[in-house]
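Everything below concerns the one structure shown next.
Protein chains: 2
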Amino acid sequence: MNYRSISKFFIGSLAGALSAGAVAAQWEVLPETAPSPADNPTTSAKVELGKMLYFDPRFSATGTVSCDSCHNVMEGGDDHRSTSMGVHGKIGGRNAPTVYNAAFHSAQFWDGRAASLEEQAKGPVVNPVEMGMKDLDSAVDRLRAIPGYQEYFARAFGEENPITGDNAAKAVAAYERTLITPNSPYDRYVKGEKTALSEQQVRGMETFDQLGCTSCHAGANFDGPGMPMGQPMLMKFPTFPDNNPYVAEYHLMDDKGRAVETGKIEDEHLWRVPTLRNLGYTAPYFHNGLVKDLGEAVRVMAKSQLNKDLSDAQVTDVVAFLGALNGPFPVQSMPRLPATPGDLLP
Amino acid sequence: MNYRSISKFFIGSLAGALSAGAVAAQWEVLPETAPSPADNPTTSAKVELGKMLYFDPRFSATGTVSCDSCHNVMEGGDDHRSTSMGVHGKIGGRNAPTVYNAAFHSAQFWDGRAASLEEQAKGPVVNPVEMGMKDLDSAVDRLRAIPGYQEYFARAFGEENPITGDNAAKAVAAYERTLITPNSPYDRYVKGEKTALSEQQVRGMETFDQLGCTSCHAGANFDGPGMPMGQPMLMKFPTFPDNNPYVAEYHLMDDKGRAVETGKIEDEHLWRVPTLRNLGYTAPYFHNGLVKDLGEAVRVMAKSQLNKDLSDAQVTDVVAFLGALNGPFPVQSMPRLPATPGDLLP
Numbered sequence: 001m002n003y004r005s006i007s008k009f010f011i012g013s014l015a016g017a018l019s020a021g022a023v024a025a026q027w028e029v030l031p032e033t034a035p036s037p038a039d040n041p042t043t044s045a046k047v048e049l050g051k052m053l054y055f056d057p058r059f060s061a062t063g064t065v066s067c068d069s070c071h072n073v074m075e076g077g078d079d080h081r082s083t084s085m086g087v088h089g090k091i092g093g094r095n096a097p098t099v100y101n102a103a104f105h106s107a108q109f110w111d112g113r114a115a116s117l118e119e120q121a122k123g124p125v126v127n128p129v130e131m132g133m134k135d136l137d138s139a140v141d142r143l144r145a146i147p148g149y150q151e152y153f154a155r156a157f158g159e160e161n162p163i164t165g166d167n168a169a170k171a172v173a174a175y176e177r178t179l180i181t182p183n184s185p186y187d188r189y190v191k192g193e194k195t196a197l198s199e200q201q202v203r204g205m206e207t208f209d210q211l212g213c214t215s216c217h218a219g220a221n222f223d224g225p226g227m228p229m230g231q232p233m234l235m236k237f238p239t240f241p242d243n244n245p246y247v248a249e250y251h252l253m254d255d256k257g258r259a260v261e262t263g264k265i266e267d268e269h270l271w272r273v274p275t276l277r278n279l280g281y282t283a284p285y286f287h288n289g290l291v292k293d294l295g296e297a298v299r300v301m302a303k304s305q306l307n308k309d310l311s312d313a314q315v316t317d318v319v320a321f322l323g324a325l326n327g328p329f330p331v332q333s334m335p336r337l338p339a340t341p342g343d344l345l346p
Numbered sequence: 001m002n003y004r005s006i007s008k009f010f011i012g013s014l015a016g017a018l019s020a021g022a023v024a025a026q027w028e029v030l031p032e033t034a035p036s037p038a039d040n041p042t043t044s045a046k047v048e049l050g051k052m053l054y055f056d057p058r059f060s061a062t063g064t065v066s067c068d069s070c071h072n073v074m075e076g077g078d079d080h081r082s083t084s085m086g087v088h089g090k091i092g093g094r095n096a097p098t099v100y101n102a103a104f105h106s107a108q109f110w111d112g113r114a115a116s117l118e119e120q121a122k123g124p125v126v127n128p129v130e131m132g133m134k135d136l137d138s139a140v141d142r143l144r145a146i147p148g149y150q151e152y153f154a155r156a157f158g159e160e161n162p163i164t165g166d167n168a169a170k171a172v173a174a175y176e177r178t179l180i181t182p183n184s185p186y187d188r189y190v191k192g193e194k195t196a197l198s199e200q201q202v203r204g205m206e207t208f209d210q211l212g213c214t215s216c217h218a219g220a221n222f223d224g225p226g227m228p229m230g231q232p233m234l235m236k237f238p239t240f241p242d243n244n245p246y247v248a249e250y251h252l253m254d255d256k257g258r259a260v261e262t263g264k265i266e267d268e269h270l271w272r273v274p275t276l277r278n279l280g281y282t283a284p285y286f287h288n289g290l291v292k293d294l295g296e297a298v299r300v301m302a303k304s305q306l307n308k309d310l311s312d313a314q315v316t317d318v319v320a321f322l323g324a325l326n327g328p329f330p331v332q333s334m335p336r337l338p339a340t341p342g343d344l345l346p
């Protein structure tokens, strides 16, 4: 079963769920640790190196853009822009998704085209409007030119030729697997701490479920029910484009989603289901970042995916519930980056 | 005595010292804490807030540039570029000086035009090629639009209207006063730990003194002997422009220094004496960042300020000594930034 047939299966399930009326959601809590693949078990040495690389702007063409530039972990793991700004002030085409809890996604990027965090990590480095390096080898050359990195790579990956693009990506992915936010008020509530949510938040949680939001925003990360790692949970957005004023207002169909990559008509407007955690920190919303207000985002989703017009009370209740999915964020030390030899950068 | 007459005084002293032969330097160690002005005593509440502001890119026009973008404290407190890149990929005219130990400078910016860290902190926010805000009020409006900042400002500055541009600058300055690097190998050596320096470093230290470098690069921070806070230690660079091939090679006189600000002919090519601490982390060198190699920077300085051609052995010894002025850098926690309301940024 490939991702496309799986996504069709879920579209089918969604329609079934809706026609059958509300289905009680299985509320899941976020695990305290993120899963890691067999070929890249998380170690403290990799996490330490990965954090350094994540914050290091020296592997961008201008020396000014790091992973953290667009996925700022000091706030919500994104950049607050509709679409990101990379080297030379160039502007990208999609909204930067939060790095927080990306470790739980079964696939990465808005269109799910990367099967793992390791694969994802290599993308922005060579994207001409992001970090703008000519190729991955050029980035690795820069790593090798910084003597201080040698010992960190050796500690994480062994002594023999440890500085490679694959290892750098593995280290960054290992660090990103620590960027998770378990024990939100929602998680504490589900684990039994009944005072963790307000009355309004509980009402919003029920509304969220009854409306059918949980058909797609399911699982511990609200990004789809447990898909095998590597296979994206893709959905058509908007599912209901007709008589939907939001489509024009927010240009919801200008970007063809997954089809931009595959060129296939059946992939048009398919998108990976994004997490709903930490939305209080990640405005503006959607793949194009054109919706600034969370309440409006809820209205757009209800109309576009469920063909429903919500009351103001429903919207504020759901927004209150979504607030229960914020943080807490991990406490982090600041990395120290090794010195640059004077002749490295232009 | 204003800064100009003071700088002339030191030019006079330098000439005297040189004609009289070598003068033994008074080696000073960097204090463990930086001085703070009477109207902005350092408090932990200010430092905490200042660190948040220092790392927050939301007060730049594009939402992408923070203080840390060009003064990266995770490495040497600068950006490794010849001249910095601000909003929209715009490029500035001078090399970003390191923020580390700037707290000990008697004045700020390459031309010493800001009398304090507080005054300096307001400059880049409204510089069109740095953070690019229309005016300081616009930046303060953004601060006020982030509800989470209110409590941090109130804690640092009291409850009544605490969010002002002046207070933001005070907080950033308070944080910057923690960005100091006492206890380098040099400091430990001067304090009596004779094994802290290698034989070559001790030889380089003597050469550095005997050549006359200490006439300007004096004091604990190697940025000039104790000037009153607010008054820059300015020197003419190059002092010896004639028969100096480096002037053309590195465009040493394209930028008129202090005179760009004042328009006065007597200020042409006057520059604040920069610190020599952490040079191993702050290549490339000089106001225009055109010299990439530290040994070459030493040669250029000896020729341009002392009219001396150094031997290779002298250069390598002095470079070894300068290496003893690197770090250690303070261990820091990563700040958490308050959430942005969805409608704050474009």
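Listed in order, the protein sequences are those of chains V and G. The numbering of the first sequence is the numbering used here, which starts it at 1 and goes up by one. The numbering of the second sequence is the numbering used here, which starts it at 1 and goes up by one. All C-beta atoms, glycine included, are put in the ideal place defined by N, C-alpha and C.
{"Query": "Under 7 Å (Cβ pairs) to chain G, residues found in the stretch 127 to 145 of chain V", "Result": "none"}
{"Query": "For Arg272(G), the three-state DSSP class (helix, strand or coil)", "Result": "strand"}
{"Query": "Beta-carbon gap between Ala302(V) and Leu211(V) smaller than 8 Å", "Result": "yes"}
{"Query": "Residues near Ser84(V) in its chain [Cβ-Cβ closer than 6 Å; skip 5 each side]", "Result": "Cys70, Gly92 and Ala96"}
{"Query": "For His236(G), the first and last residue of its enclosing alpha helix (DSSP H)", "Result": "Correcting the residue identity first, residue 236(G) is Lys in this sequence and not His. Taken as a continuous stretch (DSSP letters only), Lys236(G) belongs to no alpha helix (DSSP H), being part of the beta strand (DSSP E) at Leu234 to Lys236."}
{"Query": "Proximity test, Trp271(G) beta-carbon vs the ligand MN heavy atom, cut-off 7 Å", "Result": "You won't find the ligand MN in this model; it holds no ligand whatsoever."}
{"Query": "Residue from Ala339(G), Arg188(G) and Phe208(G) with nearest C-alpha to Pro350(G)", "Result": "Here chain G covers residues 1 to 346 and nothing more, so residue 350(G) does not appear."}
{"Query": "Test: Ala22(G) CB closer than 8 Å to a CB of chain V", "Result": "At Ala22(G) the pLDDT is 42, less than 50, meaning the model places this residue with poor confidence; the figure from the coordinates comes in the next sentence. Chain V, which has no Cβ nearer than 8 Å to the Cβ of Ala22(G), makes this no."}
{"Query": "Three-way DSSP call (helix, strand, coil) for Ser198(G) in this model", "Result": "coil"}
{"Query": "C-alpha gap between Gly86(V) and Val129(V), whole angstroms", "Result": "5 Å"}
{"Query": "Buried versus exposed call for Val300(V) [16 or more other C-beta atoms within 10 Å across all chains shown]", "Result": "buried"}
{"Query": "CB contact below 8 Å: Glu249(V) versus chain G", "Result": "no"}
{"Query": "N-terminal and C-terminal residue of the alpha helix (DSSP H) that Asp108(G) is part of", "Result": "Asp is not the amino acid found at residue 108(G); the sequence shown has Gln there. No alpha helix (DSSP H) holds Gln108(G); DSSP gives it neither H nor E."}
{"Query": "Unbroken stretches of the alpha helix (DSSP H), 4 residues or longer, contained in the stretch 62 to 98 of chain V", "Result": "67 to 70"}
{"Query": "Sequence-distant residues of the same chain with beta carbon closer than 6 Å to Tyr149(G), five excluded per side", "Result": "Leu143 and Pro338"}
{"Query": "Endpoints, the alpha helix (DSSP H) within which Gly165(V) is located", "Result": "Gly165 to Glu176"}
{"Query": "Per-residue contacts from Ser184(G) into chain V (C-beta, under 8 Å)", "Result": "Going along chain V, no residue has its Cβ under 8 Å from Ser184(G), so there is no contact; the nearest lies around 14 Å."}
{"Query": "Contacts of Arg155(V) in chain G (Cβ-Cβ under 8 Å)", "Result": "Simply none; closest approach about 19 Å."}
{"Query": "Where Val331(G) falls, given that 16 or more other Cβ within 10 Å makes a residue buried", "Result": "exposed"}
{"Query": "Per-residue burial, Thr42(G) [other beta carbons within 10 Å of its own, 16 or more giving buried]", "Result": "buried"}
{"Query": "is_contact[Asp312(V), chain G] using C-beta, thresh 8 Å", "Result": "no"}
{"Query": "Cα-Cα separation between Tyr285(G) and Thr33(G), rounded to whole angstroms", "Result": "27 Å"}
{"Query": "Host alpha helix (DSSP H) of Val126(V) (start-end)", "Result": "Leu117 to Val126"}
{"Query": "Range of the contiguous alpha helix (DSSP H) that encloses Phe222(V)", "Result": "Segment: none, Phe222(V) is in no alpha helix (DSSP H) and carries neither H nor E."}
{"Query": "Buried versus exposed, by CB contacts within 10 Å (16 or more), Gln305(V)", "Result": "buried"}
{"Query": "The stretch 46 to 63 of chain G in contact with the stretch 193 to 205 of chain G per 3-pair CB rule at 8 Å", "Result": "no"}
{"Query": "Contact set for Met131(G): own chain, Cβ-Cβ below 6 Å, skip 5 residues either direction", "Result": "Ser60, Val65, Pro124 and Val125"}
{"Query": "Contact between the stretch 313 to 326 of chain G and the stretch 309 to 326 of chain V (3+ Cβ pairs under 8 Å)", "Result": "no"}
{"Query": "Residue from Asn221(V), Ile163(V), Tyr186(V) and Phe153(V) whose Cα sits closest to the Cα of Val273(V)", "Result": "Asn221(V)"}
{"Query": "Cβ shell of Ala341(V) (< 8 Å), same chain only, five flanking positions each side left out", "Result": "According to the sequence shown, residue 341(V) is Pro rather than Ala. Excluding positions up to five away in sequence, the list reads Ala145, Ile146 and Pro147."}
{"Query": "Residues that Val371(G) bridges to, as DSSP identifies them", "Result": "The first residue shown for chain G is 1 and the last is 346, placing residue 371(G) beyond what the model contains."}
{"Query": "Short CB-CB distance (under 8 Å) between Thr316(G) and chain V", "Result": "no"}
{"Query": "Residues, ordered as in the chain, of the stretch 257 to 291 of chain G that lie near chain V by beta-carbon distance below 7 Å", "Result": "Gly280, Tyr281, Ala283 and Pro284"}
{"Query": "Where Gly257(G) sits in the DSSP three-state scheme", "Result": "strand"}
{"Query": "Contact with chain V by Met85(G), beta-carbon distance below 8 Å", "Result": "yes"}
{"Query": "Neighbour-count burial assignment, Ser138(V), 16 or more Cβ in a 10 Å radius", "Result": "exposed"}
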